[in-house]
Amino acid sequence: MHLTLTSADWIICIGALVFNVLLGLYFALRARRQTDSSSFFLAGRTLKWPIVGASLFATNIGAEHMVGLSGDSYRYGICAGTVELTTAICLGFAAAVLVPYYMKNKVFTIPEFLELRFRPEARMCFSALMLFICIVTKMAFCMYAGALVLQAVTGWGIMPSVLIMGVTTAVITIIGGFGVVAYTDAIHAPIMIAGSGMVLFIGLHKLGGWGALCEAVKHTPVPDAMHMHKAWTDPTYPFWGIILGAIYGGIFYWGMDQVNVQRMLGARDLKQARWGAMFAVLLKLTPVFIFALPGVIALALYPHINVHDSRATFIWILDNLLPSGVRGYVLSALLGAVLSALIAVMNSISTMAVRDFVLRFRPGTSERRQVVLGRLAIVAAMVLGMAAAAIIAWQPEGIYKYLQTISVYLVMPLTPAIVFGILSKRVTFAGAAASFLAGLAISAVFVTDALIKDKALAQQWFPLLHHPITENYTYRGLWGTVAITGILFMVSAFTKKTEPAKLEKTTIDWGGRIEPFEGLSDWRLQLAVLSVVTVAAYWWIW
14 MHLTLTSADW IICIGALVFN VLLGLYFALR ARRQTDSSSF FLAGRTLKWP
64 IVGASLFATN IGAEHMVGLS GDSYRYGICA GTVELTTAIC LGFAAAVLVP
114 YYMKNKVFTI PEFLELRFRP EARMCFSALM LFICIVTKMA FCMYAGALVL
164 QAVTGWGIMP SVLIMGVTTA VITIIGGFGV VAYTDAIHAP IMIAGSGMVL
214 FIGLHKLGGW GALCEAVKHT PVPDAMHMHK AWTDPTYPFW GIILGAIYGG
264 IFYWGMDQVN VQRMLGARDL KQARWGAMFA VLLKLTPVFI FALPGVIALA
314 LYPHINVHDS RATFIWILDN LLPSGVRGYV LSALLGAVLS ALIAVMNSIS
364 TMAVRDFVLR FRPGTSERRQ VVLGRLAIVA AMVLGMAAAA IIAWQPEGIY
414 KYLQTISVYL VMPLTPAIVF GILSKRVTFA GAAASFLAGL AISAVFVTDA
464 LIKDKALAQQ WFPLLHHPIT ENYTYRGLWG TVAITGILFM VSAFTKKTEP
514 AKLEKTTIDW GGRIEPFEGL SDWRLQLAVL SVVTVAAYWW IW
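Residue numbers are given in this note's numbering: position 261 of the sequence shown equals residue 274, and the series is strictly consecutive.
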């Protein structure tokens, strides 16, 4: 499928993209020179809340959202966006419980915190798995989703498109470090919202409004496409499965994933980090409407798109809904999302590679040398990410759903040890190690089952995974997390306790003094308001 662009589209798309990248580089390099590790990896810990929040949002919204979420919404309905409204739960927990301890210990990476809470071995295991997750999910899916669009625009093949995106983002990240990540994200966030908002309002206008949309989808292959709530037995997007999945998968994503948490670690102080988190929660109220709903609009307008799969929905939306000029602007927003997400992941990979591996074996490495090695890590990540993107190309499922599935399986072994390591002094290193190894074994089974194309064969190999309460990835992740948590506390109860000195700065003091309320500027009040708005949004499209 080929997207037709006019001269105006090309000028606006390329001009906006280049201008925004150059502006991000300018602000980043002006703010602080990249000669020391704190500047290169955390922008010198100088970021204010608008930059933190916008960067959290833009890092989260890659091409897999703009392309994948609209495609899955065309295929399954607006329920594909259910998880997008769970941010208040997940980021709220991270801001309240996890981030204060990261910042209190002035860590660069989450694995670094695990060394303080447990032992160096915990740091190495977490960092190695996190590097793997970043490459095979974040980088690979973002590159592949962006390549689908570039292929439609230019006619290039998937892998040449992946190569161009990988090299471009690697060069930008090497030049600007974490500063360019944060500032470029902040610039692209409003562009993505405005561009996708145009798609939404133009599509609704063409249909005749919200009521006309609700009526039109009743006569499509997905008649319940405007309902967020799906039965708990729904094989794809069970409502309560998604909500429960947010409790374990989402808390990891927003509170332990290095790529996201690094934005808050770069904040000037804890207050700026928390305000930034609340700003990100506010922005995350929009994706279900500006990314998922356009897919449903496309379903109502074109219920029988003649394409091999619904991943081409986004191209149809651009080609059939938007006028010349606007089409180029929205395309620039998509490509900007690709760049923002990729440079964020590349910088986080370089941070973990240097801080958790190089300094582990060569603690005397100079600041300048750390920056050089971080840039080399970016090049290596680019190559590995492109290889992983090539593997994804054969996956027949919707890329957004597939991303959620694999991500839940891969983060499951890590979540209990970190969450309960901060919440409870009873958790020991031996318990954390046992839960991690058990989680790896369970995840290996889940991932193997997910990768088997022949469903009959999968049912034969793993019969217990193919019942209503275990079929969907959200339920599998839930039961797996429960089992791992049980192992964590069982082993911890019979093993050597952690030294009190370690616990003092890394574990919650439940008898401590509650922070005083600060009025309208208090992040807890902001979270309460945002939570009410989130529940209202769920109710509206129930």
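All C-beta atoms in this analysis are idealised placements derived from N, C-alpha and C, irrespective of residue type, glycine included.
For residue i, which of helix, strand or coil comes out of DSSP?
i	result
L18	coil
L355	helix
K219	helix
K518	helix
A238	coil
P409	With a pLDDT of 46 at P409, under the threshold of 50, the modelled position of that residue is not reliable, and the figure given next carries that caveat. Reduced to three states, the DSSP call for P409 is coil.
W23	helix
L543	helix
K509	coil
L427	coil
R382	helix
S437	coil
L213	helix
A244	coil
S337	coil
A549	helix
K119	coil
H78	helix
K468	helix
M503	helix
D332	helix
L298	coil
W555	coil
N73	helix
H201	helix
If distances are taken between C-alpha atoms only, which option among the options comes closest to residue i?
i	options	result
A311	C147, D535, H218	H218
A394	Y89, G81, A153	A153
A72	L538, M172, R136, L348	Before going on, a small fix: residue 72 reads as Thr here, not Ala. Cα-wise, what sits closest to T72 is L348.
T603	Q539, Q383, F304, G341	Residue 603 is absent from the model: the chain starts at 14 and stops at 555.
I260	S83, V495, D369	V495
K509	G524, V545, A446	A446
Y422	I146, A357, C227	I146
L501	F442, Q271, T181	F442
V230	L538, S86, T150	S86
P606	M365, G179, R489, L283	Any property of residue 606 remains undetermined from this structure, which presents the chain solely from 14 to 555.
A313	G222, G263, T186	G222
I431	V301, D270, T483, R537	D270
V548	I256, V460, S353	I256
A93	G254, M137, I215, T498	G254
A165	I204, L129, L331	L331
A514	G263, V65, G90, L129	L129
I188	W523, G493, I391	I391
F433	R276, S448, S420	S448
F370	F139, Y89, V212	F139
T418	Y89, P173, G387, A463	A463
R388	T378, A366, A402	A366
R368	L477, L516, A403, T122	T122
G499	G444, T181, H78, T487	G444
For residue i, is the classification buried or exposed, using 16 other Cβ atoms within 10 angstroms of its Cβ as the cut-off for buried?
i	result
S505	buried
T17	exposed
R58	buried
P409	With a pLDDT of only 46 at P409, under 50, the local geometry of the prediction cannot be trusted, and the value read off the model is given with reservation. Classification for P409: exposed.
R526	exposed
W555	exposed
K119	exposed
M503	exposed
E134	exposed
A199	buried
Y115	buried
S534	exposed
L540	buried
W329	buried
S20	exposed
I558	Here the chain has residues from 14 to 555 only, and residue 558 is not among them.
Based on the DSSP secondary-structure assignment, which residues constitute the bridge partners of residue i?
i	result
L60	A280
Segment contact, 8 Å Cβ cut-off, at least three pairs: the region 285 to 305 with the region 96 to 105: yes
The region 446 to 460 contacting the region 421 to 434, beta-carbon criterion three pairs below 8 Å: yes
Contact between the region 233 to 244 and the region 464 to 474 (3+ Cβ pairs under 8 Å): no
Touching by the beta-carbon criterion (3+ pairs, under 8 Å), the region 378 to 398 and the region 356 to 363: yes
Touching by the beta-carbon criterion (3+ pairs, under 8 Å), the region 364 to 378 and the region 283 to 295: no
Any 3 or more C-beta pairs closer than 8 Å across the region 61 to 68 and the region 263 to 281: yes
Cβ contact (3+ pairs, closer than 8 Å) linking the region 195 to 215 and the region 332 to 345: yes
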